[in-house]
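Residue numbering for the sequence shown follows the working numbering, beginning at 9 and increasing consecutively.
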Amino acid sequence: MRSVHDNVVYSYIVECEDRRIVLHTQFRDGAADEYTDVVFTGVVAHHFECVLPGNILFDVTETSPRAIIQTWSALFAAQKNYGWPNMIHYRDVDDLIGILDSGGVRGFEIGSSLGLGGWVLATAMELQSHSAPVQSSRSSSP
Numbered sequence: 009m010r011s012v013h014d015n016v017v018y019s020y021i022v023e024c025e026d027r028r029i030v031l032h033t034q035f036r037d038g039a040a041d042e043y044t045d046v047v048f049t050g051v052v053a054h055h056f057e058c059v060l061p062g063n064i065l066f067d068v069t070e071t072s073p074r075a076i077i078q079t080w081s082a083l084f085a086a087q088k089n090y091g092w093p094n095m096i097h098y099r100d101v102d103d104l105i106g107i108l109d110s111g112g113v114r115g116f117e118i119g120s121s122l123g124l125g126g127w128v129l130a131t132a133m134e135l136q137s138h139s140a141p142v143q144s145s146r147s148s149s150p
């Protein structure tokens with residue numbers, strides 16, 4: 009089973025309209041040179057902190073939406089009237105949790121050894137391996 013423990017997040021993409029987030033990671037220790045994307049689909053909300061060059065993941069673990077919402081209740085309360093998370097209209101935290109549970113939304117905590125950490129509320133998460141790094145979509149200057 010592939011793991012992202014000690015992988016470096018060298019890039020990430022948030023595709024707002026497709027409700028998709030991809031963390032592009034690389035395991036750089038020893039002789040191994042593994043590239044693994046952490047792909048979240050059906051994204052409802054996310055929160056990332058401390059993004060640095062050389063982010064190192066500890067792990068991505070599944071948790072309940074309730075745990076994330078209760079931990080970050082002040083953030084949810086502050087953004088409730090601004091269409092976040094993802095244009096869901098709810099009365100209170102318990103109502104939001106019920107809506108997410110009935111929609112099959114799961115919680116994912118992104119643990120960090122260095123840099124990027126946070127969480128994602130999404131319907132699915134999967135790991136996809138690659139033999140080489142994903143190329144940046146940056147446009148070049150003329």
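A virtual CB, placed ideally from N, CA and C, is assigned to each residue, including glycine.
Asked	Found
Three-state secondary structure (DSSP) of residue 142	coil
Where residue 59 falls, given that 16 or more other Cβ within 10 Å makes a residue buried	exposed
Reduced DSSP secondary structure (H/G/I, E/B, other) of residue 21	strand
DSSP bridge partner residues for residue 29 (one or two, in chain order)	22, 48
Residues sharing a beta bridge with residue 34, DSSP	16, 43
Integer-rounded CB distance, given that residue 132 should sit under 8 Å from residue 49	5 Å
Under the three-state DSSP convention, the category residue 149 falls into	Confidence at residue 149 is low in this model, with a pLDDT of 47, below 50, so the placement of that residue should be treated as unreliable; the coordinate-derived value is given next. Coil at residue 149, not helix or strand.
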